[in-house]
Amino acid sequence: MQFNRLNLCNGIYYLTLLYAGEEQYLSQSSTTMRVGSVGRLMTPRSAGGYAFESAGDSDDEGTELAAGENHFLSYRNDINITTQNQHFVPAQAENGIYIHVQESEAKSNKDHAEGKVDTASMNIVANDPVFNNNIFPPITTLHDSVSVEEQEVLKMLRECLELREKYVFRENTAPWKRSAEKSGLAEIKKDPFQFVPVEASSHFFRMEDGVVRVYASERDTEELFPVASSTTFFTDMHHILKVMSIGNVRSACYHRLRFLEEKFRLHLLVNADREFVAQKSAPHRDFYNIRKVDTHVHHSACMNQKHLLRFIKSKLRKEPDEVVIYRDGQYLTLKEVFDSLDLTGYDLNVDLLDVHADKSTFHRFDKFNLKYNPCGQSRLREIFLKQDNLIQGRFLAEVTKQVLSDLEASKYQLAEYRISIYGRKQSEWDQLASWFVNNRIYSENALWLIQLPKLYNVYKSMGTVTSFQNILDNIFIPLFEVTVDPKSHPQLHVFLLQVVGFDIVDDESKPERRPTKHMPTPSEWTNEFNPAFSYYAYYCYANLYTLNKLRESKGLPTIRFRPHCGEAGDVDHLAAGLLLCHNISHGINLRKSPVLQYLYYLAQIGLAMSPLSNNSLFLDYHRNPFPMFFQRGLNVSLSTDDPLLIHFTKEPLVEEYSVAAKVWKLSSCDLSEIARNSVYQSGFTHTAKAHWLRDEYFKRGPRGNDIHKTNVPNIRISFRHETWMAEMQYVYGGKAILPQEVDH
């Protein structure tokens with residue numbers, strides 16, 4: 002008995018199921034591989050145990066064939082292809098199951114941008130049949146007939162993607178299309194702390210219902226940069242949540258994700274050796290000397306514990322009489338502070354410092370935050386890890402410069418540090434900017450993001466604020482003032498040239514009420530409860546959207562919205578992130594929602610993941626979805642989060658990569674691809690990215706890759722790009738108009 006030809010999934014060869022005993026084999030152009038089970042159709046895996054082989058990486062629950070049903074699985078093609086191996090040798094298989102794989106003709110890889118042959122990606126070993134046949138799954142074609150149910154599912158997915166495009170901020174002119182004169186002050190200034198006077202504009206702004214409205218002048222009534230209202234946003238977010246809950250959509254997205262995962266494993270099975278040979282052929286380039294950006298690290302925990310211990314001992318030895326704090330009605334010197342704790346410099350050690358997360362912090366965000374206090378003392382945190390203290394943050398500035406110096410010494414490691422603005426008063430911005438400028442905190446290897454801790458309920462109970470509107474005023478009014486007239490806050494203007502993103506942080510696992518379109522405005526939010534994540538996210542997004550439009554119109558660099566999202570708590574956070582964010586940090590809760598996970602893949606939203614940090618707080622390392630996300634093609638990078646609390650070595654980012662490589666058996670190509678993703682996700686300038694990746698890095702696919710700079714073979718980039726294009730065409734019914742350049 003012979004089954005009809007079945008198109009299992011787009012982009013994979015046709016298979017025909019044959020019962021054992023029927024003498025039907027392929028002609029001379031096939032090879033045979035042994036597999037242990039065919040309960041579900043999956044990629045054959047090498048006996049050597051390559052990366053991603055563990056079933057624990059997947060969320061799939063497979064089925065098995067009934068006992069005694071022995072089948073032959075054979076790939077068929079309508080075209081006869083002659084290969085070197087022209088005889089068929091049957092092999093004994095478990096349960097009598099065979100797979101016949103038909104090989105395709107080799108195609109050489111060429112550099113599309115320059116018209117030159119990329120020798121590092123060519124087939125080098127001419128006499129080896131493995132290298133004579135470059136095997137790729139064919140371009141995905143749609144099913145001849147798509148069911149009505151599937152059409153409805155695809156329509157809903159398209160609607161979700163279109164909703165994202167309605168919200169997310171895009172610059173009118175991409176950075177790579179600007180002239181050299183307009184490429185931004187940060188790129189051409191030699192002295193990063195020199196204030197270049199900029200004329201004030203006539204723009205007028207005012208805060209209305211929690212969102213700043215900008216007008217051409219005080220007399221104008223037409224809003225220059227309108228943004229979607231909160232009612233519209235919450236309605237659209239609930240539409241996303243509704244789509245997520247529909248069974249047909251969940252099933253379809255789950256199967257597409259499983260297909261992407263198995264397609265990647267097939268790619269590895271066929272092309273892993275070819276990728277390795279291409280990497281070996283790229284001179285002076287390996288994992289250690291490609292650019293890697295730590296896309297998510299908190300400034301107050303940017304050093305390792307040994308570094309902080311040495312710094313504290315050094316200050317206690319060299320500056321014991323420095324007055325450092327005002328406590329209990331008196332000023333105390335550094336020596337007096339340690340005397341009050343009954344400690345000496347000799348007593349201090351890493352264990353006594355007690356800043357490392359341990360078993361006690363798992364699912365205890367409150368205890369995790371207490372680890373920021375050296376020796377369990379908040380006064381030591383105030384002295385050494387705060388910039389708004391009695392000594393104007395001098396100690397923190399010195400240790401920051403040491404960390405930046407180590408970063409520059411490594412050359413190929415870069416970082417984006419989060420530093421806090423709390424929203425208690427408007428003067429926080431000027432205080433932070435003066436700390437940067439006066440201490441001359443700057444490095445070409447580092448950029449900065451502003452993080453807003455979600456502490457409204459704390460400030461409300463203390464009487465610091467009366468409504469949520471106060472926090473929004475304190476955060477955004479100074480930013481609009483300095484944008485309209487840079488001379489009003491000259492130091493803040495200089496500091497903002499180094500700021501590339503805005504983040505919101507706190508414990509996402511805290512229970513919260515799901516917002517609705519009838520939520521009170523920020524000025525009406527006067528109760529003592531903290532607003533939900535999506536409430537914070539919308540008002541931060543809306544004000545940043547307007548601010549960025551204004552800054553772009555004046556030729557100033559913009560600030561992207563890149564919050565902590567999906568580390569714990571409800572999946573609502575990730576639905577809001579889908580609509581509003583450029584990139585997010587963490588995102589491990591995507592494993593709970595196949596619909597959102599598939600949408601994040603299609604939109605290629607960057608995920609800065611920190612498996613070691615998650616291991617200390619919310620998710621054991623072996624359960625982390627990072628390897629699964631990576632296989633499926635999500636835009637993932639590795640980051641450290643809190644080196645002070647998590648890592649041991651002087652190079653925490655390399656430590657993060659090394660643990661992931663060993664636990665999940667990541668290859669050199671995998672690590673290089675993750676590092677390349679981190680550069681794309683970062684906020685570094687167009688000039689820097691062009692130098693690190695390729696002059697035309699902004700082009701999608703292999704045209705934007707140079708193995709001699711990224712150490713990623715074109716084979717891998719082509720696979721990722723073609724797979725993504727195929728999925729987009731599948732979702733859009735073959736009518737997708739895909740961009741040739743990356744999102745900006």
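Take the sequence shown: its position 227, counting from 1, is numbered 228 in the working numbering, and each next residue is one higher.
The beta carbon of each residue, even a glycine, is placed where N, CA and C say it ideally should be.
Just so it is clear, the structure is predicted and the values come from calculations on it, not from any experiment.
Residue burial classification, residue i (beta-carbon count within 10 angstroms, cutoff 16)
| i | result |
| --- | --- |
| residue 339 | buried |
| residue 740 | exposed |
| residue 732 | buried |
| residue 563 | buried |
| residue 640 | buried |
| residue 229 | buried |
| residue 735 | exposed |
| residue 556 | exposed |
| residue 353 | exposed |
| residue 671 | buried |
| residue 463 | exposed |
| residue 379 | exposed |
| residue 347 | exposed |
| residue 280 | buried |
| residue 327 | exposed |
| residue 414 | buried |
| residue 284 | exposed |
Minimum C-alpha distance to residue i - residue among the options
| i | options | result |
| --- | --- | --- |
| residue 598 | 619, 616, 620 and 626 | 626 |
| residue 269 | 691, 235 and 666 | 666 |
| residue 582 | 469, 156, 171 and 152 | 171 |
| residue 316 | 178, 345 and 424 | 345 |
| residue 314 | 349, 421, 726 and 700 | 349 |
| residue 559 | 596, 484, 527 and 621 | 484 |
| residue 161 | 497, 579 and 319 | 579 |
| residue 576 | 168, 241 and 192 | 241 |
| residue 744 | 698, 723 and 703 | 698 |
| residue 164 | 220, 237, 211 and 356 | 237 |
| residue 402 | 590, 312, 203 and 277 | 312 |
| residue 482 | 148, 299 and 202 | 202 |
Contact set for residue i: own chain, Cβ-Cβ below 6 Å, skip 5 residues either direction
| i | result |
| --- | --- |
| residue 182 | Note that residue 182 has pLDDT 42, beneath the 50 cutoff, so the model's placement of it is unreliable and no number is given. |
| residue 231 | 539 |
| residue 570 | 509 and 510 |
| residue 321 | 335 and 336 |
| residue 392 | 325 |
| residue 56 | Residue placement at residue 56 is poorly supported in this model, since its pLDDT is 39, which falls under 50; the coordinates are not used for a value here. |
| residue 434 | 492, 493 and 496 |
Cβ neighbours of residue i in the same chain (closer than 8 Å, five flanking residues each side left out)
| i | result |
| --- | --- |
| residue 710 | 286, 291, 693, 694 and 695 |
| residue 194 | 438, 441, 443 and 495 |
| residue 474 | 208 and 427 |
| residue 409 | 444, 445 and 446 |
| residue 249 | 150, 153 and 154 |
| residue 638 | 294, 296, 607, 608, 609, 610, 675, 676, 678, 679 and 682 |
| residue 533 | 513, 514, 515, 516 and 573 |
| residue 398 | 388, 436, 440 and 442 |
| residue 341 | 333 |
| residue 173 | 553 |
| residue 700 | 114, 741, 742 and 743 |
Assumed close pair residue i, residue j - CB separation to whole angstroms, cut-off 8 Å
| i | j | result |
| --- | --- | --- |
| residue 205 | residue 218 | 6 Å |
| residue 477 | residue 548 | 7 Å |
| residue 706 | residue 715 | 6 Å |
| residue 453 | residue 417 | About 16 Å; that fails the 8 Å criterion. |
| residue 500 | residue 545 | About 11 Å separates the two Cβ atoms, so there is no contact after all. |
| residue 479 | residue 430 | 4 Å |
| residue 257 | residue 728 | 7 Å |
| residue 419 | residue 460 | So it is not a contact: roughly 20 Å between Cβ atoms. |
Interface flag, residue i vs chain C, CB-CB below 8 Å
| i | result |
| --- | --- |
| residue 232 | This model lacks chain C altogether; it includes just one protein chain. |
Contact set for residue i: own chain, Cβ-Cβ below 7 Å, skip 5 residues either direction
| i | result |
| --- | --- |
| residue 593 | 572 |
| residue 526 | 468, 469 and 532 |
| residue 614 | 642, 643 and 647 |
| residue 702 | 718, 719 and 722 |
- Message: Would you call the stretch 630-640 in contact with the stretch 588-603, where contact means no fewer than 3 C-beta pairs closer than 8 Å?
- Response: The stretch 630-640 vs the stretch 588-603: in contact.
- Message: With three or more C-beta pairs closer than 8 Å as the rule, is the stretch 191-198 touching the stretch 490-499?
- Response: They touch, by the three-pair rule.
- Hey, is the stretch 643-654 in contact with the stretch 294-308, meaning 3+ C-beta pairs nearer than 8 Å? Judged by Cβ distances under 8 Å, the stretch 643-654 makes contact with the stretch 294-308, as three or more pairs qualify.
- Query: Hey, is the stretch 575-590 in contact with the stretch 605-620, meaning 3+ C-beta pairs nearer than 8 Å?
  - Reply: The answer is yes - the stretch 605-620 touches the stretch 575-590, with three or more Cβ pairs under 8 Å.
- Three CB pairs or more closer than 8 Å across the stretch 665-680 and the stretch 154-165: Flag = no, the stretch 665-680 and the stretch 154-165 do not touch.
- Query: Pairing CB atoms from the stretch 714-729 with CB atoms from the stretch 257-273, are three or more of them under 8 Å?
  - Reply: A contact exists between the stretch 714-729 and the stretch 257-273.
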